[in-house]
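Q: Pasting a structure below so you can have a look.
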Ligand code: SF4
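Numbering (our numbering), first residue to last: 60 to 238.
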């Protein structure tokens with residue numbers, strides 16, 4: 060039984076803006092999202108152990124996802140001076156990634172078998188060892204939701220979590236599949 064209230068309080072104390080229950084049955088795995096990775100829009104394709112193709116085929120990713128029924132969806136929401144405020148966007152992304160890793164460390168003690176999927180590829184190391192040497196932290200690497208074929212807006216909508224908070228805001232989303 061997941062203590063959603065306790066985890067929400069913990070996640071928010073670590074800096075996350077929203078921590079809500081995730082019904083894993085609502086997650087759609089969409090090949091077209093994975094195809095965006097192959098188009099190398101984020102420059103991580105074939106460049107990181109947590110990105111395609113190293114993270115496995117979309118079928119293998121879906122098989123992992125379907126082992127879970129409940130989890131958490133988390134967000135960090137930032138404010139921008141205007142829609143061109145890239146500095147604040149990047150800073151919010153940095154903060155979200157930091158929040159995501161801190162909460163992941165906490166959850167690792169409660170749910171050692173969890174699947175944690177972040178926003179963007181694994182950036183735990185300054186430079187990924189891929190493909191010349193094994194991953195430095197195979198127990199800690201995290202793929203992105205998109206690498207697993209998830210459309211973040213769909214997962215948010217299906218779990219009653221807004222994705223857009225109005226003009227001059229930016230939201231970064233990640234999830235943890237727990238049990
Ligand atoms: S933990 Fe380091 S080596 Fe492993 S995937 Fe992440 S960045 Fe690459």
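Each residue gets a CB set at the ideal place from its N, CA and C atoms; glycine is no exception.
Cβ of residue 171 within 8 Å of any heavy atom in the ligand SF4?
A: On the chain shown, position 112 is the one that residue 171 refers to. Incorrect: residue 171 has no Cβ contact closer than 8 Å to the ligand SF4.
Q: Indicate whether the contact test is met: 3 or more Cβ pairs, each with one atom in the segment 85–99 and one in the segment 207–221, closer than 8 Å.
A: Judged by Cβ distances under 8 Å, the segment 85–99 makes contact with the segment 207–221, as three or more pairs qualify.
Q: Mapping DSSP to helix, strand and coil, what is residue 66?
A: Position 7 of the chain shown, counting from 1, holds the residue named residue 66. Helix, per DSSP.
Q: For the alpha helix (DSSP H) containing residue 224, name the first residue and the last one.
A: Taking the chain shown and counting its residues from 1, one reaches residue 224 at position 165. Unbroken run through residue 224: none, as it is neither H nor E.
Q: Which runs of the beta strand (DSSP E), 3 residues or longer, sit entirely within the segment 86–136?
A: Runs of the beta strand (DSSP E) inside the segment 86–136: none found.
Q: To the nearest angstrom, how far is it from the Cα of residue 214 to the Cα of residue 87?
A: Along the chain shown, one-based indexing puts residue 214 at 155. Along the chain shown, one-based indexing puts residue 87 at 28. One C-alpha to the other measures close to 8 Å.
Q: Any heavy atom of the ligand SF4 closer than 8 Å to the Cβ of residue 159?
A: Stepping through the chain shown from its first residue, residue 159 is reached at position 100. No, since every heavy atom of the ligand SF4 falls outside the 8 Å radius drawn around the Cβ of residue 159.
Q: Please state the DSSP three-state secondary structure of residue 144.
A: In the chain shown, residue 144 corresponds to position 85, counting from 1. Residue 144 falls in the coil class under three-state DSSP.
Q: If you measure from each CB to the nearest heavy atom of the ligand SF4 and keep those under 5 Å, what residues do you get, in chain order?
A: Working through the chain, the matches are 108, 109, 181, 183, 184, 187, 188, 194, 195, 196 and 200.
Q: Specify the secondary structure class of residue 169 as computed by DSSP and reduced to three states.
A: By 1-based counting over the chain shown, the position of residue 169 is 110. Three-state result, residue 169: helix.
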